[in-house]
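Asks: Supplied in C-alpha cells, the structure appears directly below.
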Amino acid sequence: MMDRKKKDIIELTNCSLRQYRERRKLPLALMADNVRSMYNIGAMLRTADAFLVEEMVMAGISGCPPHPEITKTALGAEDSVSWRHVADAFAEAAKMQAQGWRICALEQAHDSVRLDRFTPAEGERYLLVAGNEVTGVDQRIVDIADVILEIPQAGVKHSLNVSVSAGIALWHLASHMGLGDDDYR
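In our numbering, the protein residues as written are 8 to 192.
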C-alpha cells in the first residue's frame, strides 16, 4: 500500500531564503499589467516563487510590497522573488522585447494560441503578461506580442481570475522550460 500520509512543514520546506535566491531561475518573467487587487499580486508572487520565475514586474496601477494584502497571499514570496515596479506596462514590454524577451500576452484574442498547444523555444527568454481584472492586457501589448496565449475553457464563465490564469500559464511554461525533478527538494 502507498504511503499517503500528508507531509509535515519540515518535509515541505524546500530551501532557505538565501538558498532560493542562489538557485538557477528560469528565463521567465511575469508582468502584472495594471492588476488592481493586492491579493492577486500576492498570489502571483507566490506562484512566481513556486516556478523559479526570474522576476515579477508590477506595472501601472499594480500595487507592490510592502502591503498587508500582498503579504497575506504572498506568504513571504515578496522576499524571495525579485520584483520591481514600472509606470508603463507597454513601454516596459516593448523595452524587454527589444532586449530579446519574447512577449506572451495571456489574453482571449482572435489570433490566440491555446496554451496547451504552445511550447516555448529552447534558449529563449519569455515575459508572460497578465492583465487587468476587467480590461485584460493592454491592447498595445497584445499588438506587439510574439504570441497570444489563451487558456481553453468549457464552462459558462468566459474568464478565470488573473492570478489563477497566471498560475496555469506559469506552470505550463515552466514545465516546458526545464523545471524538473532536480528543482524540487
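Backbone N, C-alpha and C define an ideal beta-carbon position, used for all residues, glycine too.
1) My assumption, with CB atoms under 8 Å, is that Ser170 sits in contact with Ala50. Please give the rounded CB distance.
2) Classify Pro73 as buried or exposed, calling it buried when 16 or more other Cβ atoms lie within 10 Å of its own Cβ.
3) For Lys164, I'd like the list of residues in its chain whose CB is within less than 8 Å of its CB, leaving aside the five on either flank, ordered along the chain.
4) Just to confirm the assignment, what range does the alpha helix (DSSP H) spanning Gly138 have?
5) Helix, strand or coil: which one does DSSP assign to His92?
6) Output yes if chain C places a C-beta closer than 8 Å to the C-beta of Met65; else output no.
7) If we ignore side chains and look at the alpha-carbon of each, how far apart do Pro159 and His179 end up?
8) Among Tyr46, Ala101, Asp40 and Val88, which has the Cα closest to the Cα of Ala57?
9) When the distance is taken between beta carbons, is Ala173 closer than 8 Å to Leu82?
10) My output table needs one value for Leu59: the three-state DSSP class, helix, strand or coil.
11) Given this structure, state the Cα-to-Cα distance separating Arg124 from Asp153, to the nearest angstrom.
12) For the stretch 132-139 against the stretch 26-46, do three or more pairs of beta-carbon atoms, one drawn from each stretch, fall closer than 8 Å, so that the two count as touching?
13) Classify Asp86 as helix, strand or coil using the three-state DSSP reduction.
14) How would you call Ile148, buried or exposed, if buried means at least 16 neighbouring beta carbons within 10 angstroms?
15) Helix, strand or coil for Pro72, going by three-state DSSP, please let me know.
Replies: So, from the listed chains and residues:
1) 4 Å
2) By the neighbour-count criterion, in which 16 or more other beta carbons inside 10 Å mark a residue as buried, Pro73 falls on the exposed side.
3) Excluding residues within five positions, none has a Cβ falling inside 8 Å.
4) Counting along the chain, Gly138 falls outside any alpha helix (DSSP H), though it belongs to the beta strand (DSSP E) covering Arg132 to Gly138.
5) Here His92 sits in strand by DSSP.
6) Annotation note: the requested chain C is absent from the structure, which comprises a single protein chain.
7) Taking the straight line joining both Cα atoms gives about 13 Å.
8) Val88
9) Against a cut-off of 8 Å, the Cβ pair of Ala173 and Leu82 comes out as no contact.
10) coil
11) 15 Å
12) yes
13) helix
14) Taking a 10 Å sphere around the C-beta of Ile148, we find 16 or more other C-beta atoms and assign the residue as buried.
15) coil
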